[in-house]
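Reviewing the structure listed below.
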Amino acid sequence: MNKNELIEIIDNFDFDGDFVDVKEFGSGHINKTYIVKFNTPNGEQNYVLQRVNDNVFKNIDELMRNVFSVTSYLRGIIRGYGGDPDRETLHYIKTKDGHRYYTHSDNSYYRSYVFVRDSISFDTADTPEVFKSSGQAFGRFQRLLADFDVESITETIPHFHDTLWRYENEFLPAVEQNLSGRLDTCKDEVEFVKSYADVMGRLTSMIKNGELPIRVTHNDTKLNNVMFDKDTKQCICVIDLDTVMPGLALYDFGDSIRFGASSAVEDEKDLDKVYCRLDYFKAYAEGFLSEAGEAFNQAEKDNLAFASLLMTLECGMRFLTDYINGDTYFRTEYPEHNLVRARNQFKLVSDMDNKMDEMEEIIRNI
Ligand code: ADP
Ligand code: GN1
Ligand code: MG
11 MNKNELIEII
21 DNFDFDGDFV
31 DVKEFGSGHI
41 NKTYIVKFNT
51 PNGEQNYVLQ
61 RVNDNVFKNI
71 DELMRNVFSV
81 TSYLRGIIRG
91 YGGDPDRETL
101 HYIKTKDGHR
111 YYTHSDNSYY
121 RSYVFVRDSI
131 SFDTADTPEV
141 FKSSGQAFGR
151 FQRLLADFDV
161 ESITETIPHF
171 HDTLWRYENE
181 FLPAVEQNLS
191 GRLDTCKDEV
201 EFVKSYADVM
211 GRLTSMIKNG
221 ELPIRVTHND
231 TKLNNVMFDK
241 DTKQCICVID
251 LDTVMPGLAL
261 YDFGDSIRFG
271 ASSAVEDEKD
281 LDKVYCRLDY
291 FKAYAEGFLS
301 EAGEAFNQAE
311 KDNLAFASLL
321 MTLECGMRFL
331 TDYINGDTYF
341 RTEYPEHNLV
351 RARNQFKLVS
361 DMDNKMDEME
371 EIIRNI
């Protein structure tokens, strides 16, 4: 997309002030994100413009209805306790003609929100304190949405964290079809996934038995989906709300551990550098449980460590599936990127498996 076209798109949104500049921004794997600078009489005002990935999100109307509904609910609560709704949750900006998103002439979709001022996001946690603070942010997010009507939002991606469903309906068919012809290069990784088949349905069976309650959850709790104050390094708000759906508290906990308790970035190739940092695991658990833990039943508490392993396995399996399918889902920067990510996640799974007793002990002690 060239700059003139971007400016034409920006002109459709109801922004305040005069346009100054637009630049690519952020490191998400799904949407294409830009920062848009405006000048107003009160100083600089920045916005985020995103091209929504319509290969991943098939129903943009429902997606945008969900995120507007979740954020307006949160804004009400935040106002109620005297907080700043423009900073503590996303503030979506409609188009000049009142729509929740803009459809470009090439049938691509754009949406926009206020850039959280004086904020940064992290691709790795440099200290346990930063990670603990993200745990508080995601725990609080879950707590604030506890009474939000689950039925009022659509599942933007069905079966999102149903690991066994993904194994049977996405992974095994991908291996069977070998669309990219890459199967020869990842046989060990395929066997690794298969060796965990018997644990993949554990949480979904517990949902069916009524042991685990369905809550409104975020479902994509990567550290870089939390904005922090750039000076105090305290969390400000949770972003990337496209996957807010009915789910398990355990999914949100486990997915955070997968990303932030890892000693290395998600695509580190040197697997000796990749392991689960138990002090970070402990810090996150303290932060998350301090905000959300009061509502948890015993089965939820008992499965926090297991869910961390399961979410890591699931994500590795999704990267591997995408590699075998020829890179059609996650944004990649080089041909083996998804395989590198999968190997990285599987190293983490093995390490968590070895440390499972210690992880469970940490949770019992909190
Ligand atoms: P993706 O679905 O591709 O992960 P995100 O919504 O997470 O897209 O945005 C990608 C990145 O852009 C984030 O990790 C964050 O760094 C930055 N970002 C997104 N929204 C905001 C915002 N409102 N204020 C500041 N930065 C943001
Ligand atoms: C994607 O959008 P982003 O980059 O925050 C993905 C997550 C994966 C993650 C792996 C909608 O998250 O499920 O866990 O990549 N989001 C979607 O890094 O599929
Ligand atoms: Mg993101």
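In the numbering used here, the protein residues as written are 11 to 376. By construction, the Cβ of each residue, glycine as well, lies at the ideal position given by its N, Cα and C atoms.
Distance between residue j and residue i (C-alpha atoms, nearest Å)
{"i": "LEU349", "j": "PHE329", "result": "7 Å"}
{"i": "PHE125", "j": "LEU16", "result": "17 Å"}
{"i": "THR173", "j": "GLY53", "result": "48 Å"}
{"i": "ASN188", "j": "ASP24", "result": "46 Å"}
{"i": "GLY27", "j": "LEU100", "result": "20 Å"}
{"i": "ARG85", "j": "ARG61", "result": "24 Å"}
{"i": "GLU161", "j": "VAL77", "result": "14 Å"}
{"i": "ILE88", "j": "VAL80", "result": "12 Å"}
{"i": "PHE148", "j": "ASN219", "result": "26 Å"}
{"i": "MET210", "j": "LYS204", "result": "10 Å"}
{"i": "GLY297", "j": "SER144", "result": "7 Å"}
{"i": "HIS39", "j": "ASP157", "result": "30 Å"}
{"i": "GLU346", "j": "ARG192", "result": "10 Å"}
{"i": "ASN364", "j": "GLY326", "result": "18 Å"}
{"i": "ARG153", "j": "SER190", "result": "43 Å"}
{"i": "TYR83", "j": "VAL46", "result": "26 Å"}
{"i": "TYR120", "j": "LYS283", "result": "38 Å"}
{"i": "SER122", "j": "TYR206", "result": "40 Å"}
{"i": "ARG268", "j": "LEU358", "result": "8 Å"}
{"i": "ASP252", "j": "GLU201", "result": "32 Å"}
{"i": "GLU178", "j": "VAL185", "result": "11 Å"}
Beta-ladder partner(s) of residue i, from DSSP
{"i": "ILE130", "result": "PHE238"}
{"i": "ASP31", "result": "LYS47"}
{"i": "PHE23", "result": "THR105"}
{"i": "LYS42", "result": "ARG61"}
{"i": "CYS286", "result": "SER272"}
{"i": "PRO256", "result": "VAL226"}
{"i": "THR113", "result": "TYR119"}
Residue i, enclosing alpha helix (DSSP H) - first and last residue
{"i": "TYR261", "result": "259-270"}
{"i": "ASP312", "result": "308-312"}
{"i": "GLY86", "result": "70-90"}
{"i": "GLU98", "result": "95-98"}
Candidates the options, of which the one nearest residue i by Cα
{"i": "ILE249", "options": "SER129, ARG225 and GLN187", "result": "SER129"}
{"i": "ASP241", "options": "THR338, ARG192, LEU320 and ARG127", "result": "ARG127"}
{"i": "ASP133", "options": "LYS232, PHE29 and LYS279", "result": "LYS232"}
{"i": "SER115", "options": "LEU222, TRP175, MET11 and MET216", "result": "MET11"}
{"i": "ASN41", "options": "ARG341, LYS204, GLN355 and MET369", "result": "ARG341"}
{"i": "GLN355", "options": "ILE70, THR113, LEU323 and GLY336", "result": "LEU323"}
{"i": "GLU165", "options": "CYS247, ASN22, LYS13 and ARG75", "result": "ARG75"}
{"i": "GLU221", "options": "GLU370, GLU310, MET362 and GLU72", "result": "GLU310"}
{"i": "ASP361", "options": "GLU276, ILE334 and SER272", "result": "SER272"}
{"i": "ILE246", "options": "GLU370, ASP94, THR43 and GLY36", "result": "ASP94"}
{"i": "GLU368", "options": "TYR344, LEU299, TYR339 and TYR290", "result": "TYR290"}
{"i": "GLN55", "options": "PHE67, VAL32, GLU278 and ASP64", "result": "VAL32"}
{"i": "ALA352", "options": "GLU370, TYR333 and THR338", "result": "TYR333"}
{"i": "CYS196", "options": "GLU18, GLU278, THR331 and SER37", "result": "THR331"}
Start-to-end residues for the beta strand (DSSP E) that takes in residue i
{"i": "ARG411", "result": "No answer is possible for residue 411: it lies beyond the span of the chain, which begins at 11 and ends at 376."}
{"i": "GLY53", "result": "53-62"}
{"i": "CYS247", "result": "245-248"}
What alpha helix (DSSP H) runs, 4 residues minimum, are completely inside the region 338-372?
Runs of the alpha helix (DSSP H) lying entirely within the region 338-372, each at least 4 residues long, are 347-364 in chain order.
Let me know the beta strand (DSSP E) ranges lying completely inside the region 205-238, each 3 residues or longer, listed in chain order.
Complete beta strand (DSSP E) runs here, min 3: 225-227.
Sequence ranges, beta strand (DSSP E) only - wholly within the region 126-189, length at least 3:
As for any beta strand (DSSP E) of minimum length 3 sitting wholly inside the region 126-189, there is none.
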